[in-house]
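Engineer: For the sequence shown, our numbering begins at 2 and goes up steadily by one.
Here a beta-carbon is modelled for each residue, glycine too, at the ideal position from N, C-alpha and C.
For clarity, every value in this text was computed on a predicted model and none was experimentally measured.
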Amino acid sequence: MTIAPSGTRSAGRSQAPVFVVGCPRSGTTLLYHMLLSAGRFAQYRAETHIYCSLAPRFGGLRTEKDVEQALEVWLASDCHRLTGLGADVVRGVVRQQTRNAGDFLRLIMDQMVQQQGAQRWAETTPAHVLHLREIHAHIPDALFLHVIRDGRDVATSLERQSWIRPFSADRSRPVLAAAAYWDWLVRRGRAEGAAVGAAYREVRYEQLISDPEATLRSIESFIDHRLDWHEIQRAGIGSVGRPNSSFPEAQGGFQSRWRTQLSSVDADAVSQMLAPTLRALGYPDIAGAAAPSIALRRIAYGARFGVRDRLKRSTPVGRRVTDLSHYTPGTMVINEEKMTGVFGPAASPGVKIDR
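#1: Report yes or no: do the segment 147-155 and the segment 18-26 share at least 3 C-beta pairs separated by less than 8 Å?
#2: In whole angstroms, what separates the C-alpha of VAL90 from that of SER173?
#3: Using the three-state DSSP reduction, which class does TYR206 fall into: helix, strand or coil?
#4: Residue range of the alpha helix (DSSP H) that VAL197 falls in?
#5: To test your reading of the DSSP string, which unbroken alpha helix (DSSP H) runs of 4 or more residues are found completely within the segment 219-292?
#6: Between the segment 48-68 and the segment 310-326, can you find at least three pairs of beta-carbon atoms closer than 8 Å?
#7: What are the boundary residues of the beta strand (DSSP E) that includes ILE109?
#8: Grab me the residues of ARG202's own chain with a C-beta within less than 6 Å of its C-beta, minus the 5 sequence neighbours each way, in chain order.
#9: Based on Cα-Cα distance, which residue from LEU83, THR29, PRO127, LEU86 lies nearest to TYR52?
#10: Which word fits TYR66, buried or exposed, when buried means at least 16 other C-beta atoms lie within 10 angstroms of its C-beta?
#11: Could you tell me the boundaries of the beta strand (DSSP E) in which ILE149 lies?
#12: Taking Cβ to Cβ, would you say LEU263 is nearer than 9 Å to VAL187?
#13: Can you say whether GLN115 is buried or exposed, counting buried as having 16 or more other CB atoms within 10 angstroms of its CB?
#14: Work out the CA separation of GLN97 and SER158 for me, nearest whole Å.
#15: Could you round the C-beta distance between PRO167 and ALA180 to whole angstroms and report it? I think they count as a contact, below 8 Å.
#16: Could you tell me the alpha carbon to alpha carbon distance between THR216 and ASP225, rounded to whole angstroms?
#17: Buried or exposed, going by whether 16 or more other CB atoms sit within 10 Å of the CB of PRO18?
#18: Can you tell which of MET35, GLY87, ARG258 has the C-alpha that lies nearest to the C-alpha of HIS231?
#19: Please report the distance separating the alpha-carbon of SER294 from that of ILE165.
#20: Could you check the C-alpha separation between VAL308 and ARG189 for me, to the nearest Å?
#21: Are the Cβ atoms of ALA123 and ALA71 separated by less than 9 Å?
#22: For ALA170, which option in ARG311, ARG298, GLU48 has the closest C-alpha, if you only look at C-alpha atoms?
#23: Have a look at ASN336 and ALA296 and give me their C-alpha separation to the nearest angstrom.
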């Protein structure tokens with residue numbers, strides 16, 4: 002097999018791929034499903050995790066051997082099943098033309114666009130926010146939508162998922178680890194976004210749910226794609242029609258939930274930890290200076306997350322420790338069955354969604 006050069010496009014923004022990224026529980030799934038509901042995007046309801054899982058595990062997909070091994074994992078997964086593509090089709094294009102992670106993803110998605118008669122594709126692995134420069138280098142016309150939500154609400158939701166492991170001293174207060182993860186990921190994502198310049202746009206979750214029409218108009222001009230809110234509601238794909246909430250028993254909207262879901266002690270600690278980033282983002286009700294123990298936790302967690310990320314993507318450690326459980330058939334979280342439904346014509350203009 003000869004590895005061919007990466008493909009490029011020249012059709013402008015109207016056909017450019019769109020990456021919806023951000024910290025988990027920030028509204029990335031909602032915005033992605035809005036794009037799918039708008040039409041002319043290839044229908045694909047899964048997170049590929051190419052840059053944060055498959056590529057680190059298989060050496061960045063730079064050699065024939067790594068590409069072959071990655072292909073076998075991909076083809077056995079729900080990620081492949083949901084493309085609707087035949088295994089032979091995927092093998093054919095990927096083997097012939099892949100020299101990096103971007104090629105692997107782009108070739109599969111382009112085949113899906115062609116098979117469905119769509120105009121373009123979008124992708125929504127939240128952690129790809131850490132890889133914007135790399136994606137931009139591999140797929141130069143890619144556009145990035147970074148969904149940002151109040152970190153106090155994100156931490157409250159993330160704590161319930163138990164995805165972020167706290168330090169042993171914080172086992173009784175895991176919300177601190179969740180808050181620190183949001184802080185680190187958002188700051189890193191914004192730095193990545195600054196590096197790719199005009200290809201990057203931030204979308205505030207709070208604005209998306211309180212005034213979806215105005216927010217979508219802004220996104221529409223950025224990605225050069227019609228995003229009619231009424232058409233999106235009628236299509237009602239996935240979480241546009243039914244909220245994906247960590248708090249199914251809660252009443253009211255998904256903003257400022259941290260005020261009622263966290264204890265006063267935890268709410269104060271989280272607010273202190275996140276104050277610098279929340280202030281930079283313009284969020285209200287920011288706490289004062291953090292207590293020394295909280296400030297040190299913010300630094301320590303950030304260092305831990307950063308070291309693990311560098312080890313995974315820049316050293317041979319990535320081949321040994323990168324988790325591939327996302328690709329185990331039947332075990333990945335699919336943005337599909339559990340979130341289907343339709344916004345009826347009488348639905349309120351605000352949207353309730355928690356991811």
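Structural biologist: The relevant details are as follows:
#1: yes
#2: 50 Å
#3: Look at TYR206 here: in three-state DSSP terms it is helix.
#4: 176-197
#5: 230-236, 259-262, 265-282
#6: yes
#7: Note, ILE109: premise wrong, no beta strand (DSSP E); alpha helix (DSSP H) at 102-117.
#8: Within the same chain, ARG202 has close Cβ partners LEU146, PHE223.
#9: PRO127
#10: The residue you asked about is not Tyr; residue 66 is Lys in the sequence shown. Answer is exposed; the Cβ neighbour count stays below 16.
#11: Start and end: 144-149.
#12: no
#13: Around the CB of GLN115, fewer than 16 other CB atoms lie within 10 Å, so the residue is classed as exposed.
#14: 43 Å
#15: Between PRO167 and ALA180, the beta carbon gap of about 10 Å keeps them out of contact (Cβ cut-off 8 Å).
#16: 14 Å
#17: With 16 or more other Cβ atoms within 10 Å, it is buried.
#18: MET35
#19: 19 Å
#20: 13 Å
#21: no
#22: ARG298
#23: In this prediction, ASN336 has a pLDDT of 41, which is less than 50 and means its spatial position is unreliable; what the coordinates show is noted afterwards. So the two alpha carbons sit approximately 36 Å from each other.
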